[in-house]
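Numbering (my numbering), first residue to last: 12 to 158.
All C-beta atoms in this analysis are idealised placements derived from N, C-alpha and C, irrespective of residue type, glycine included.
Notes follow the structure.
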């Protein structure tokens, strides 16, 4: 589990008589999430370089209170990701979830929205992926819009 943790710094600040108003700023939450993300990504790259398979588990946030209770996390902490690391089963080859093509996510100097063709291409690929995984195939309707 990868945890954003302000509890240690808040404890130190309070021990020294300081207030902790900055923790309610969006930037404080973002910096904690970014730090956790960089750390988790480095762990994933290290694991893969050793031949392990990895899967980030963001779904733990679907029931975040239960995860916090299970991990007995103190106030001012929250889970950002799970990271499963292991030896891939060669009898069960994993698919890689499709992503938008590079021309949609890489921008030069200014943002360029995706074209209708780019969107159709992605929806075709992601819907095929979900069908192959025996999940509802209409990604935009069942996953994206539902969230």
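May I ask you to report which of helix, strand or coil DSSP gives residue i?
i	result
residue 117	coil
residue 78	helix
residue 166	Residue 166 is absent from the structure shown; the chain starts at 12 and stops at 158.
residue 47	helix
residue 139	helix
residue 39	helix
residue 130	helix
residue 25	helix
residue 145	coil
Since residue i sits in a beta bridge, which residues does DSSP pair it with?
i	result
residue 68	93
residue 88	16
As a quick exercise: from the options, pick the residue whose alpha carbon is nearest that of residue i.
i	options	result
residue 139	120, 118, 108, 66	108
residue 127	115, 120, 137	115
residue 66	142, 20, 80, 13	13
residue 99	83, 26, 59	59
residue 137	83, 54, 50, 111	111
residue 69	95, 41, 17	95
residue 131	88, 64, 149, 44	149
residue 21	53, 44, 87	87
residue 113	129, 121, 18, 55	129
residue 106	35, 17, 64	64
residue 17	27, 33, 28	33
Use the C-beta contact count for residue i: other C-beta atoms within 10 angstroms, 16 or more gives buried, fewer gives exposed.
i	result
residue 92	buried
residue 90	buried
residue 75	exposed
residue 117	exposed
residue 97	exposed
residue 102	exposed
residue 47	buried
residue 62	exposed
residue 15	buried
Quick check on residue i - is its C-beta less than 7 angstroms from some C-beta in chain B?
i	result
residue 141	Annotation note: the requested chain B is absent from the structure, which comprises a single protein chain.
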